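Participant: One gets this note's numbering by counting positions in the sequence shown from 1 and adding 35 to each.
Virtual Cβ for every residue (Gly too), placed ideally from N, Cα, C.
All values derive from a computational prediction rather than experimental measurement.
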Amino acid sequence: MLCSHTSLATPMIAAQPASLPASPLCAPRLLLAPMEGMVDEVMRRVLTDATAYDWCVTEFVRVSGSLLPIRFFTRIAPELLAASRTAAGTPVRVQLLGSEPACMAENADRLAELLPAGIDLNFGCPAPTVNRHRGGAVLLDEPELLCDIATQVSRAIAGRVPFTAKMRLGVQDKSRALEAAQALADGGAQMIVVHARTKEEGYRPPAHWPWIARIAEAVKIPVVANGEVWTVEDYLRCRAESGLRDVMLGRGAVADPFLAGRIRGHLRGEELSSMAEDWHALRPFIHDFWQRVQKKVEPRHAPGRLKQWLNLLRRNYVQAELLYQAIRPLRECDDIQVVLQASIGDVGAMGVPDATDTVGDVRELAHH
Ligand SMILES: Cc1cc2nc3c(=O)[nH]c(=O)nc-3n(C[C@H](O)[C@H](O)[C@H](O)COP(=O)(O)O)c2cc1C
36 MLCSHTSLAT PMIAAQPASL PASPLCAPRL LLAPMEGMVD EVMRRVLTDA
86 TAYDWCVTEF VRVSGSLLPI RFFTRIAPEL LAASRTAAGT PVRVQLLGSE
136 PACMAENADR LAELLPAGID LNFGCPAPTV NRHRGGAVLL DEPELLCDIA
186 TQVSRAIAGR VPFTAKMRLG VQDKSRALEA AQALADGGAQ MIVVHARTKE
236 EGYRPPAHWP WIARIAEAVK IPVVANGEVW TVEDYLRCRA ESGLRDVMLG
286 RGAVADPFLA GRIRGHLRGE ELSSMAEDWH ALRPFIHDFW QRVQKKVEPR
336 HAPGRLKQWL NLLRRNYVQA ELLYQAIRPL RECDDIQVVL QASIGDVGAM
386 GVPDATDTVG DVRELAHH
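1. Does the beta-carbon distance from C91 to L132 come in below 8 Å?
2. Mind checking who Q130 pairs with in its DSSP beta bridge?
3. Under three-state DSSP, which class holds L65?
4. Apart from the five residues just before and just after S119, which ones in its own chain have a Cβ nearer than 7 Å to its Cβ?
5. Is the CB-CB distance between P63 and R366 below 8 Å?
6. Using the Cα positions of K17 and N157, report the straight-line distance between them to the nearest angstrom.
7. According to DSSP, which residues form a beta bridge with K201?
8. Going by beta carbon distance, what residues of the same chain come within less than 7 Å of T233, once the five residues before and after it are set aside?
9. Who are V258's beta bridge partners in DSSP?
10. Report, in whole angstroms, the separation of the C-beta atoms of F324 and V96, which I expect to be a contact under 8 Å.
11. I'd like to confirm something about V129: is its beta-carbon nearer than 7 Å to some heavy atom of ligand 1, or not?
12. Can you give, in chain order, each stretch of the beta strand (DSSP E) that sits fully within the segment 313-350 and has at least 3 residues?
13. If you draw a straight line from the C-alpha of E135 to the C-alpha of G100, how long is it?
14. What whole-angstrom Cβ distance do A117 and D84 have, given they're in contact under 8 Å?
15. To which residues does DSSP link V282 through a beta bridge?
16. Excluding the 5 residues flanking A220 on each side, which residues of the same chain have their C-beta closer than 6 Å to its C-beta?
17. Between the segment 278-298 and the segment 261-268, can you find at least three pairs of beta-carbon atoms closer than 8 Å?
18. Say whether the segment 292-303 touches the segment 325-334, bearing in mind that this needs 3 or more beta-carbon pairs closer than 8 Å, one atom from each stretch.
19. On a Cα-Cα basis, can you pick out the residue from R349, D269, I379, H243 that is closest to H315?
20. CA-CA distance, A185 and A191?
21. Can you say whether Q130 is buried or exposed, counting buried as having 16 or more other CB atoms within 10 angstroms of its CB?
22. Does W90 come out as helix, strand or coil in the three-state DSSP assignment?
23. By how many angstroms is the C-alpha of M139 removed from the C-alpha of P319?
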């Protein structure tokens, strides 16, 4: 089926800047972004233990031409076996990526049987290998197809679980951004997350937050802003420029695992804590990540995962920079363990604090 949707090529008037702070009765939502190769179940667990999110989204499950066995879904989203929640209780939505409407629908139907906290469709991935197989962001040039996929998936899910989609602003340029969003909404997506860059723009700053305001004006469903939010200040500017309440955090959440808590604290009028103080609170989470990642992946792959995280953490934490430099040449888990022990101490004994949405609470626990 092809959907009819109005051409929305004319620029819309940007929404009014959000008035901050928001009413606690309708708290702005903070979501943890899907990040393939980085935010797997181990990272989701650690990050949602460190701070609260309204929900997180898994790496994509690639759908191409066949009905996937259940283990394909549970491999990407082991949380499906635990009521689709992380250990901290954060709901986990599962993302699908593909371009064939009937096949996407068939797989969404199977996935819905597993009762994920939601099903999300990926129209943002810029990876050449994925795009070559007509998956991810390249489909943004084909609004009829987007609508067809969303329509068939929506019918297959039949209201059993929430249904969302994630998109960029376009492939080469932004001329069809509103059309693409409208197509997804027409097809039945209940919410759209907009990563405010085109595929061509990759991950280069800036993110074009005012474009998200245009999209939000053009569709009748809720829209979530995403892209380039690394700090509380970025968050406030993103909300002001997008005019939206709800924000999805990607690399910024990995680079500062307390960012969401920091944002909530700021909205409550609390003073921001310093990064130096928070490093102390972060140590048990690094320890926990290292233990869990070693259990999950082969020994030759575990060091890379820790280096990948430290590489982002060092944007914010000087101690992470030192640790990163010390660990960078090491290849063996045992050698890394020695350096880690010397750097962050025996934090394993203290365990990871319970999930909490304030940095202060975590810091207090970590100091005990
Ligand atoms: C390493 C990496 C992997 C990603 N994998 C996915 C993915 O599987 N699905 C998806 O929708 N977006 C994916 N993204 C995009 C992010 O969800 C997010 O939209 C993007 O990073 C912009 O947000 P940020 O600037 O806050 O990081 C990925 C991004 C990165 C950096």
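Facilitator: So, from the data block:
1. no
2. For Q130, which the question treats as bridged, DSSP gives the partners F95, D155.
3. In the structure shown, L65 sits in a strand (DSSP, three-state: E or B).
4. P126, V127, L150, P151, A152
5. no
6. Lying before the first or after the last residue shown, residue 17 is absent from the chain, which here runs from 36 to 403.
7. N157, V228
8. For T233, where only same-chain residues beyond five positions count, the Cβ hits under 7 Å are R203, L204, G205, V206, Q207, D208, K209.
9. I227
10. That pair is no contact at about 23 Å.
11. no
12. none
13. 7 Å
14. 14 Å between Cβ atoms; not a contact.
15. BP columns for V282 point to L65, A260.
16. V254, I256
17. yes
18. no
19. I379
20. Near 10 Å, if we compare the C-alpha coordinates of A191 and A185.
21. buried
22. Three-state result, W90: strand.
23. Rounded to the nearest whole angstrom, the CA to CA distance from P319 to M139 is 40 Å.
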